[in-house]
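A.B. asks: The following block contains the structure, expressed as structure tokens.
Protein chains: 2
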Amino acid sequence: MQKGNTRISMAVIRRLPKYRRYLSELLDKDIHRISSKELSKIIGFTASQIRQDLNNFGGFGQQGYGYNVEELHSAIGKILGLDHSYNTVIVGAGNIGQAIANYTNFEKAGFKPTAMFEINPKLIGLKIRDIEIMDADLLGTYIKEKNINIGIICTSKEKAQDVANVMVESGIQGIWNFAPTDLQVPEHVVLETVHLSESLYTLSYLLKHKREEED
Amino acid sequence: MQKGNTRISMAVIRRLPKYRRYLSELLDKDIHRISSKELSKIIGFTASQIRQDLNNFGGFGQQGYGYNVEELHSAIGKILGLDHSYNTVIVGAGNIGQAIANYTNFEKAGFKPTAMFEINPKLIGLKIRDIEIMDADLLGTYIKEKNINIGIICTSKEKAQDVANVMVESGIQGIWNFAPTDLQVPEHVVLETVHLSESLYTLSYLLKHKREEED
Numbered sequence: 001m002q003k004g005n006t007r008i009s010m011a012v013i014r015r016l017p018k019y020r021r022y023l024s025e026l027l028d029k030d031i032h033r034i035s036s037k038e039l040s041k042i043i044g045f046t047a048s049q050i051r052q053d054l055n056n057f058g059g060f061g062q063q064g065y066g067y068n069v070e071e072l073h074s075a076i077g078k079i080l081g082l083d084h085s086y087n088t089v090i091v092g093a094g095n096i097g098q099a100i101a102n103y104t105n106f107e108k109a110g111f112k113p114t115a116m117f118e119i120n121p122k123l124i125g126l127k128i129r130d131i132e133i134m135d136a137d138l139l140g141t142y143i144k145e146k147n148i149n150i151g152i153i154c155t156s157k158e159k160a161q162d163v164a165n166v167m168v169e170s171g172i173q174g175i176w177n178f179a180p181t182d183l184q185v186p187e188h189v190v191l192e193t194v195h196l197s198e199s200l201y202t203l204s205y206l207l208k209h210k211r212e213e214e215d
Numbered sequence: 001m002q003k004g005n006t007r008i009s010m011a012v013i014r015r016l017p018k019y020r021r022y023l024s025e026l027l028d029k030d031i032h033r034i035s036s037k038e039l040s041k042i043i044g045f046t047a048s049q050i051r052q053d054l055n056n057f058g059g060f061g062q063q064g065y066g067y068n069v070e071e072l073h074s075a076i077g078k079i080l081g082l083d084h085s086y087n088t089v090i091v092g093a094g095n096i097g098q099a100i101a102n103y104t105n106f107e108k109a110g111f112k113p114t115a116m117f118e119i120n121p122k123l124i125g126l127k128i129r130d131i132e133i134m135d136a137d138l139l140g141t142y143i144k145e146k147n148i149n150i151g152i153i154c155t156s157k158e159k160a161q162d163v164a165n166v167m168v169e170s171g172i173q174g175i176w177n178f179a180p181t182d183l184q185v186p187e188h189v190v191l192e193t194v195h196l197s198e199s200l201y202t203l204s205y206l207l208k209h210k211r212e213e214e215d
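Okay, structure coming up:
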């Protein structure tokens with residue numbers, strides 16, 4: 001972390017996509033103005049929490065008038081960097097890799113997968129939608145030449161660190177990791193890991209302990 | 001939340017799968033004893049945090065001897081409820097649903113998908129591995145008759161709440177939700193949601209703000 005900037009806590013940052021999602025849903029329902037109290041009711045945070053969170057970014061809304069939903073939605077999108085588009089590559093064309101490649105909503109949000117990479121020769125040369133599956137040996141060169149911003153790792157945990165190393169050496173800015181392992185990357189690279197099994201095992205814990213309470 | 005039980009904080013619960021994952025990796029490397037200091041180094045929590053976390057469950061390890069890796073791994077597995085097996089169903093045979101159905105590691109951990117459900121007639125009757133894709137209209141009856149514990153929702157956000165309602169009415173105990181929406185379920189049902197886009201947008205935020213710092 002660097003000095004000279006106001007640091008926003010990760011807890012606040014992780015709430016921003018949720019605000020944006022609820023605001024999208026309001027726009028879908030043609031609701032264009034909302035009080036922090038009403039927003040609080042649907043999103044489940046207190047009104048004071050919402051005001052505090054948004055004050056981190058200069059504050060929005062007018063006393064007594066509430067928030068302009070469209071403005072707030074667009075402002076949070078900008079804060080999240082969703083007014084940019086990013087070139088991404090997916091490494092690993094297995095189940096999760098294919099699901100991400102097929103999921104067009106990420107592309108609509110500005111995260112365009114330009115290629116996939118695989119070590120399995122049976123998959124190399126195939127396409128998922130218009131995304132070509134290339135030989136994993138070409139990953140480093142491709143990242144450099146095509147100015148790729150984000151690498152999405154969907155390999156086994158055994159291969160994931162090697163893939164991350166190639167990405168880092170080739171100048172990647174961010175890694176979105178689905179391999180069930182904690183990767184080591186230098187501080188200038190942003191790493192975000194989705195641990196699906198941790199989520200499932202948390203569910204399992206809560207199920208078990210609910211059952212014990214009921215016994 | 002109910003009375004009469006020691007409440008473990010969600011933060012501790014969410015760390016348990018991570019402990020178990022690191023302990024698995026140690027076993028893979030044939031390491032059978034580890035001090036809290038060494039464990040701290042590889043897992044990235046302080047030694048005192050580790051001792052505190054594990055003390056919630058009665059404590060493990062002996063002063064000066066460290067932890068028996070196998071015992072601790074198995075104890076955490078039990079705490080997480082991974083010594084049970086669970087019958088699961090997957091609703092939605094799109095990208096994520098198919099990826100979950102194909103991902104055999106969850107099945108090995110005791111979460112066995114016994115059927116998938118779809119509204120798309122082109123998919124009904126097909127199989128993913130040995131898991132049949134059935135008509136979504138049969139979901140409620142199936143959950144009741146087959147004693148299904150966990151429902152995995154991989155539908156669009158528009159359909160997800162209706163699916164959750166059917167699951168709840170049919171006696172489901174837990175829901176693992178991949179639809180990008182916050183579902184409403186009664187308190188006796190455990191809900192765990194994986195918000196993939198929130199993870200990606202957090203990555204995007206961190207990328208954008210890192211870039212600004214560097215400018």
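One line per chain: the protein sequences are A and B, in this order. Under the UniProt record's numbering, the first residue of the first sequence carries the number 1, and numbering increases by one thereafter. Under the UniProt record's numbering, the first residue of the second sequence carries the number 1, and numbering increases by one thereafter. C-beta: ideal position from N, C-alpha, C; glycine also. Fair warning: this is a prediction, and the values are worked out from it, not measured in the lab.
1. Can you tell me where the alpha helix (DSSP H) holding B:ASP135 begins and where it ends?
2. Taking the straight line between their C-alpha atoms, what separation do you get for B:GLU145 and B:GLY81?
3. Terminal residues of the continuous beta strand (DSSP E) containing B:GLY174?
4. Applying a beta-carbon distance threshold of less than 8 Å, which residues of chain B neighbour A:HIS84?
5. Do we get a CB-CB distance below 7 Å when we pair B:ASN165 with the residues of chain A?
6. Using a Cβ-Cβ distance cut-off of 7 Å, determine whether B:PRO17 contacts chain A.
7. Do A:GLU192 and B:THR114 count as a contact pair if the criterion is CB distance below 7 Å?
8. How far does the beta strand (DSSP E) with B:LEU191 in it extend, from its first residue to its last?
9. Helix, strand or coil for B:ALA47, going by three-state DSSP, please let me know.
10. Check whether the Cβ of A:ARG14 lies closer than 7 Å to any Cβ atom in chain B.
11. Please find out if some non-hydrogen atom of the ligand MG comes closer than 6 Å to the beta-carbon of B:LEU126.
12. Verify the CB distance criterion: does B:GLN2 have a CB-CB separation below 7 Å to chain A?
13. When we look at the beta-carbon of B:ASN5 and count the other beta-carbons within 10 Å, is it buried (16 or more) or exposed?
14. Measuring only between beta-carbons, confirm whether B:GLN173 sits less than 7 Å from chain A.
15. In chain order, what residues of the same chain have a beta carbon less than 8 Å from the beta carbon of A:ARG15, not counting five sequence neighbours either side?
16. Just to make sure I have the definition right: I need the residues of chain A whose C-beta is within less than 8 Å of the C-beta of B:GLY151. Which are they?
17. Going by beta carbon distance, what residues of the same chain come within less than 6 Å of B:THR181, once the five residues before and after it are set aside?
18. Which stretch, first to last residue, makes up the beta strand (DSSP E) that contains A:THR114?
19. Any contact between the region 117-128 of chain A and the region 49-69 of chain A? By contact I mean 3 or more CB pairs, one from each, below 8 Å.
20. B:ASN147: which of B:ARG7, B:VAL69 and B:VAL89 sits nearest, CA to CA?
21. Below 8 Å on the Cβ atoms is my guess for B:ALA99 versus B:MET116; work out the distance and round it to an integer in Å.
22. Contact check, A:VAL91 vs A:ILE153 under 8 Å by CB: the rounded distance?
23. What are the partner residues of B:GLY151, as DSSP defines its beta bridges?
24. Rounded to the nearest angstrom, what separates B:ARG129 and B:ILE96 at their Cα positions?
25. Would you decide whether B:GLU118 is buried or exposed? Buried here means 16 or more other CB atoms lie within 10 Å of its CB.
26. How big is the Cα-Cα spacing for B:ALA11 and B:PRO17?
27. Nearest to B:LEU207 by CA position, among A:GLU187, A:GLU212 and A:TYR65, is which residue?
28. Give me the subset of the region 35-57 of chain B whose CB atoms are less than 8 Å from a CB atom of chain A, sorted by chain position.
29. To the nearest angstrom, report how far apart B:ILE8 and B:LEU139 are at their CA atoms.
30. Hey, how far is the Cα of A:LEU39 from the Cα of A:TYR22?
31. Since B:LYS127 sits in a beta bridge, which residues does DSSP pair it with?
32. For a contact defined as C-beta to C-beta under 7 Å, what are the partners of A:GLY92 on chain B?
33. Between the alpha carbons of A:LYS29 and A:VAL69, how many angstroms are there, rounded?
34. Considering just the uninterrupted stretch of the alpha helix (DSSP H) at B:TYR19, what are its terminal residues?
35. Tell whether a beta-carbon distance below 7 Å holds between A:GLN184 and A:ASN149.
36. Rounded to the nearest angstrom, what separates A:HIS84 and B:LEU196 at their Cα positions?
C.D. replies: To lay it out plainly:
1. In the second sequence, counting from the first residue as 1, residue 135 of chain B sits at position 135. Per DSSP, B:ASP135 is not a residue of any alpha helix (DSSP H); the beta strand (DSSP E) it occupies stretches across 131-135.
2. Your numbering for residue 145 of chain B matches position 145 in the second sequence. Your numbering for residue 81 of chain B matches position 81 in the second sequence. Between the C-alpha atoms of B:GLU145 and B:GLY81 there is a straight-line separation of about 23 Å.
3. As a first step, residue 174 of chain B is located in the second sequence; it is residue number 174 there, counting from the start. Element bounds for B:GLY174: 174-177.
4. Counting from one through the first sequence, the residue named residue 84 of chain A turns up at place 84. Within chain B, the residues near A:HIS84 are SER204 and LYS208.
5. Here residue 165 of chain B refers to the residue found at position 165 when the second sequence is read from its first residue. Not an interface residue.
6. In the second sequence, counting from the first residue as 1, residue 17 of chain B sits at position 17. So, interface residue.
7. Sequence index remark: in the second sequence, residue 114 of chain B carries index 114 (1-based). Sequence index remark: in the first sequence, residue 192 of chain A carries index 192 (1-based). Result no, Cβ atoms of B:THR114 and A:GLU192 do not sit closer than 7 Å.
8. Here residue 191 of chain B refers to the residue found at position 191 of the second sequence. For B:LEU191, the enclosing beta strand (DSSP E) starts and ends at 190-193.
9. On the second sequence, residue 47 of chain B is found 47 positions in, with the first residue counted as 1. Three-state result, B:ALA47: helix.
10. What you label residue 14 of chain A is simply residue 14 of the first sequence in a count that begins at 1. Cβ-Cβ to chain B under 7 Å: yes for A:ARG14.
11. With respect to the ligand MG, the structure shown offers nothing to examine, as it has no ligands at all.
12. As a first step, residue 2 of chain B must be located in the second sequence, where it is residue number 2. Here B:GLN2 scores only 38 on pLDDT, less than 50, and its place in the model should not be relied on; the value that follows carries that caveat. True, the Cβ-Cβ gap to chain A drops below 7 Å.
13. The residue you call residue 5 of chain B lines up with position 5 of the second sequence. Reliability fails at B:ASN5, whose pLDDT of 46 lies under 50, so the model's placement of it is uncertain and no value is given.
14. Position 173 of the second sequence, counted from the first residue, corresponds to residue 173 of chain B. True, the Cβ-Cβ gap to chain A drops below 7 Å.
15. As a working note, residue 15 of chain A is residue 15 in the first sequence. Closer than 8 Å at the Cβ level, and outside the excluded window around A:ARG15, lie PHE45 and ASP53.
16. Numbered from 1 along the second sequence, position 151 holds the residue referred to as residue 151 of chain B. Those within 8 Å of B:GLY151 in chain A number zero; the least Cβ separation is about 11 Å.
17. Taking the second sequence and counting its residues from 1, the one referred to as residue 181 of chain B is at position 181. Only LYS157 and ALA160 meet the Cβ criterion.
18. The residue labelled residue 114 of chain A in the question sits at position 114 within the first sequence. Start and end: 111-118.
19. no
20. As a working note, residue 147 of chain B is residue 147 in the second sequence. Measuring from the Cα of B:ASN147, the nearest candidate turns out to be B:VAL89.
21. Here residue 99 of chain B corresponds to residue number 99 of the second sequence, with the count starting at 1. Here residue 116 of chain B corresponds to residue number 116 of the second sequence, with the count starting at 1. Going by Cβ atoms, the distance from B:ALA99 to B:MET116 rounds to 12 Å, so no, they are not a contact pair.
22. Here residue 91 of chain A corresponds to residue number 91 of the first sequence, with the count starting at 1. Here residue 153 of chain A corresponds to residue number 153 of the first sequence, with the count starting at 1. With a Cβ gap of about 5 Å, A:VAL91 and A:ILE153 count as contacting.
23. Here residue 151 of chain B corresponds to residue number 151 of the second sequence, with the count starting at 1. Paired residue(s): B:VAL89 and B:ILE175.
24. On the second sequence, residue 129 of chain B is found 129 positions in, with the first residue counted as 1. On the second sequence, residue 96 of chain B is found 96 positions in, with the first residue counted as 1. Distance from the CA atom of B:ARG129 to the CA atom of B:ILE96, rounded to whole angstroms, is 15 Å.
25. Working through the second sequence from its first residue, we reach residue 118 of chain B at position 118. Under this definition B:GLU118 is a buried residue.
26. Counted from its first residue, the second sequence places residue 11 of chain B at position 11. Counted from its first residue, the second sequence places residue 17 of chain B at position 17. In a straight line, the C-alpha of B:ALA11 is about 11 Å away from that of B:PRO17.
27. Within the second sequence, residue 207 of chain B is the residue found at index 207, counting from 1. Checked all of A:GLU187, A:GLU212 and A:TYR65; the closest Cα to B:LEU207 is A:GLU187.
28. GLY44
29. Counting from 1 along the second sequence, the entry for residue 8 of chain B is found at position 8. Counting from 1 along the second sequence, the entry for residue 139 of chain B is found at position 139. Cα to Cα, B:ILE8 sits roughly 34 Å from B:LEU139.
30. For the purposes of this step, residue 39 of chain A is taken as the residue at position 39 of the first sequence. For the purposes of this step, residue 22 of chain A is taken as the residue at position 22 of the first sequence. Their Cα atoms are separated by approximately 9 Å.
31. Counting from one through the second sequence, the residue named residue 127 of chain B turns up at place 127. In the DSSP output, where bridge partners are listed per residue, B:LYS127 has B:GLU132.
32. For this step, residue 92 of chain A is matched to residue 92 along the first sequence. Within 7 Å Cβ-Cβ: nothing; A:GLY92 doesn't reach chain B, min ~12 Å.
33. Against the first sequence, residue 29 of chain A aligns to sequence position 29. Against the first sequence, residue 69 of chain A aligns to sequence position 69. Going from the Cα of A:LYS29 to the Cα of A:VAL69 covers about 11 Å.
34. If you number the second sequence from 1, residue 19 of chain B lands on position 19. Looking at the DSSP string, the run of the alpha helix (DSSP H) that includes B:TYR19 is 10-28.
35. Stepping through the first sequence from its first residue, residue 184 of chain A is reached at position 184. Stepping through the first sequence from its first residue, residue 149 of chain A is reached at position 149. It is not a contact, given that the beta carbons lie outside the stated cut-off.
36. Indexing the first sequence from 1 puts residue 84 of chain A at position 84. Indexing the second sequence from 1 puts residue 196 of chain B at position 196. Distance between the alpha carbons of A:HIS84 and B:LEU196: 19 Å.
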